[in-house]
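What follows is a single structure, written as structure tokens, with notes after it.
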Amino acid sequence: MMLPVLVTGGCGFIGSNFIRYLLETDPDISIVNFDCLTYAGNLDNLSDVARDPRYRFLRGDIADRRAVREVAETGLSTIINFAAESHVDRSIHDSSPFIRTNILGTQILLDAAREFNVPRYLQISTDEVYGSLGPTGAFTEATPLAPNSPYSASKAAADMLVRSYVHTFGLPAVITRCSNNYGPYQFPEKMLPLFIMNLLRDEPVPVYGDGLNVRDWIHVRDHCAAIDRVWREGRVGEVYNIGGRCERTNLDLTNTLLEIIAKPRSLIRFVRDRPGHDRRYAMDSTKIEQELGWRPRIPFEEGLRETIHWYESRPEWVANIRTGVYLKYYERQYGRRLSDRAPKMKFSGSPANAKRRHANAKSRRELPKSKVRGPKPKRPKVRRAGAGRRAG
Ligand code: NAD
Ligand code: TYD
Numbered sequence: 042m043m044l045p046v047l048v049t050g051g052c053g054f055i056g057s058n059f060i061r062y063l064l065e066t067d068p069d070i071s072i073v074n075f076d077c078l079t080y081a082g083n084l085d086n087l088s089d090v091a092r093d094p095r096y097r098f099l100r101g102d103i104a105d106r107r108a109v110r111e112v113a114e115t116g117l118s119t120i121i122n123f124a125a126e127s128h129v130d131r132s133i134h135d136s137s138p139f140i141r142t143n144i145l146g147t148q149i150l151l152d153a154a155r156e157f158n159v160p161r162y163l164q165i166s167t168d169e170v171y172g173s174l175g176p177t178g179a180f181t182e183a184t185p186l187a188p189n190s191p192y193s194a195s196k197a198a199a200d201m202l203v204r205s206y207v208h209t210f211g212l213p214a215v216i217t218r219c220s221n222n223y224g225p226y227q228f229p230e231k232m233l234p235l236f237i238m239n240l241l242r243d244e245p246v247p248v249y250g251d252g253l254n255v256r257d258w259i260h261v262r263d264h265c266a267a268i269d270r271v272w273r274e275g276r277v278g279e280v281y282n283i284g285g286r287c288e289r290t291n292l293d294l295t296n297t298l299l300e301i302i303a304k305p306r307s308l309i310r311f312v313r314d315r316p317g318h319d320r321r322y323a324m325d326s327t328k329i330e331q332e333l334g335w336r337p338r339i340p341f342e343e344g345l346r347e348t349i350h351w352y353e354s355r356p357e358w359v360a361n362i363r364t365g366v367y368l369k370y371y372e373r374q375y376g377r378r379l380s381d382r383a384p385k386m387k388f389s390g391s392p393a394n395a396k397r398r399h400a401n402a403k404s405r406r407e408l409p410k411s412k413v414r415g416p417k418p419k420r421p422k423v424r425r426a427g428a429g430r431r432a433g
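Position 385, counted from 1, in the sequence shown is what our numbering calls 426; the numbers after and before it change by one each time, with no gaps.
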């Protein structure tokens, strides 16, 4: 049997989807999931495969050199590093955990890969390291790094470390940079699961700024397939961009969600923008498409419907997440922004802001008070297209 693949951060959104993908597609695989279980790490994400003999969970911190050395010295075929602090808004609130995990943690993994001659290292990075685009064009692998948030700066620093270990020590490492993922098992601090869960409960959704920021969306399963290709066949020292060819403004996406879940537009709240909010991301994935024959397969509307259905049909998974810790975060992040009486919900005189003020006032008038303040949980029907193939 092959030496195990070390998947770090495997209890998070993409890591758990990737572990399930490997177990489904490779009968000979052996996986060690190394995760310290931060607020974003959830053992429930892998409860269905926990007893698979090809899979083992080890609680550990990638920034803990001793723990990492202990697992690496047992022999590994690959390290795939998903472990990260991954949320931009949290990095604005406090960047310290981002520096520790994303930079120091990566350095410690790279050192262990070197010391124990791990034959392959894959760094899971993000399109956000390239910064923000104007209305046209797309990031290629040659685009200079220009990160704008503490999160993306820490990911860019990690990418630079990986690059330096390839160049200086000949470490057999590869980097992938992917656009915004959506799909099952995503922690509801990110836009899509947050909006889906709120809408399913008839709660308002907080759209930052004018809602015209653009993201390039990809289903997590397409991302997993790309990682699988790069891990096995990607060239050492290379970077591979991965995108969904699916650019949407946040407002368009919100309207699509409202339509699918059959909820009124009055649930949209335009709230104070994220500081330093990147305007547009778009990925050029020509390199991985031409070199490795990968391309995104899941049509966006279909993937979105499946994803909504997934959250709707997992009340226990959702309930376990909506605990005190999550609600405390939600209150800190959105309490004042979403509150009817928040004094800071002032808009300056631009036409976009006037529109926003009008939309918010209108939506509050349209909603019965009880719904704005404390809606009763309700189980709405999701309109689904065609037969229900499940994501994940
Ligand atoms: P996530 O926040 O859902 O999960 C992160 C996981 O890492 C959690 O299980 C957490 O417990 C674990 N972790 C955090 N710090 C750790 C530490 N010090 N030691 C061990 N484990 C630790 O993140 P995600 O959305 O699944 O993202 C995974 C990776 O993909 C990240 O590196 C992220 O930068 C990258 N990425 C994410 C997206 C996206 O849209 N979510 C897009 C491109 C790239
Ligand atoms: P997010 O899911 O945080 O991913 P990222 O910032 O890494 O792209 O946000 C996606 C987009 O949605 C981004 O433009 C910010 C916006 N957004 C909102 O409008 N409201 C929200 O409550 C959140 C979390 C994000």
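Where is the CB? At the ideal position from N, CA and C, for every residue including glycine.
Since the model is a prediction, treat every value here as computed from it, not as a measurement.
Query                                                                                                                                                                                                     : Result
Taking the beta strand (DSSP E) that Glu288 belongs to, which residues open and close that run?                                                                                                           : 288–290
Is any heavy atom in ligand 1 found nearer than 7 Å to the beta carbon of Leu78?                                                                                                                          : yes
Taking Cβ to Cβ, would you say Asn282 is nearer than 8 Å to Asp325?                                                                                                                                       : yes
What is the DSSP secondary structure of Met324, reduced to helix, strand or coil?                                                                                                                         : strand
Does the stretch 146–155 touch the stretch 166–186, meaning 3 or more C-beta pairs lie closer than 8 Å?                                                                                                   : no
Out of Tyr223, Arg100, Glu156, which one is the CA nearest neighbour of Thr348?                                                                                                                           : Tyr223
Considering just the uninterrupted stretch of the alpha helix (DSSP H) at Ile259, what are its terminal residues?                                                                                         : Run containing Ile259: none in the alpha helix (DSSP H); it sits in the beta strand (DSSP E), 255–260.
In three-state terms, what does DSSP make of Asn221?                                                                                                                                                      : strand
Using 8 Å as the cut-off, can you tell me whether the stretch 200–208 makes contact with the stretch 338–357, which would need three or more C-beta pairs spanning the two stretches below that distance? : no
Label Ala395 either buried or exposed according to how many other C-beta atoms from any shown protein chain fall within 10 Å of its C-beta, with 16 as the threshold for buried.                          : Here the model assigns Ala395 a pLDDT of 47, short of 50, so the residue's position is not dependable, and the following value carries that caveat. Exposed, since its Cβ has fewer than 16 Cβ neighbours within 10 Å.
Report the start-end ranges of each alpha helix (DSSP H) in the stretch 104–177 that is 4 residues or longer and not cut off at the edges.                                                                : 106–113, 129–134, 147–156
From this set, Asp168, Ile339, Gly175, which residue's C-alpha is nearest Ala266's C-alpha?                                                                                                               : Ile339
Roughly how many whole angstroms lie between the Cα atoms of Arg141 and Arg110?                                                                                                                           : 17 Å
If I measure Cβ to Cβ from Pro160 and keep anything under 8 Å in the same chain, skipping five residues before and after, which residues do I get?                                                        : Ser118, Thr119, Pro213
From the DSSP output, read off the bridge partner residues of Arg310.                                                                                                                                     : Pro247
Using the C-alpha atoms, what's the distance from Ser193 back to Pro45?                                                                                                                                   : 30 Å
Could you give the residue range of the beta strand (DSSP E) that holds Thr49?                                                                                                                            : 46–49
Within 10 angstroms of its Cβ, does Met232 collect 16 or more other Cβ (buried), or is it exposed?                                                                                                        : buried
For Glu169, which residues of its own chain have a beta-carbon under 6 Å away from its beta-carbon, when the five flanking residues on both sides are left out?                                           : Ser193
Could you spell out the range, first to last residue, of the beta strand (DSSP E) harbouring Arg92?                                                                                                       : Note, Arg92: premise wrong, no beta strand (DSSP E); not H, not E.
Which same chain residues end up closer than 6 Å to His128 when comparing Cβ atoms and leaving out the 5 residues on each side of it in sequence?                                                         : Glu230
Would the stretch 261–276 and the stretch 306–317 be scored as touching if the rule is three or more Cβ pairs under 8 Å?                                                                                  : no
Which stretch, first to last residue, makes up the alpha helix (DSSP H) that contains Asn361?                                                                                                             : 356–362
What I want to know is whether the C-beta of Pro138 ends up closer than 7 Å to one or more non-hydrogen atoms of ligand 2.                                                                                : no
Between which residues of its own chain and Ile237 is the CB-CB distance below 6 Å, once the five residues before and five after are set aside?                                                           : Ile349, Tyr352
Closest to Arg242 by C-alpha separation, out of Asp263, Arg363, Leu253, would be which residue?                                                                                                           : Arg363
For the beta strand (DSSP E) that Val280 lies in, which residues bound it at each end?                                                                                                                    : 280–283
Using only alpha-carbon positions, find the residue among Val359, Lys369, Glu330, Leu294 that is nearest to Leu345.                                                                                       : Leu294
When the Cα of Asp263 is compared with those of Thr49, Gly285, Arg61, Asp93, which residue comes out closest?                                                                                             : Gly285
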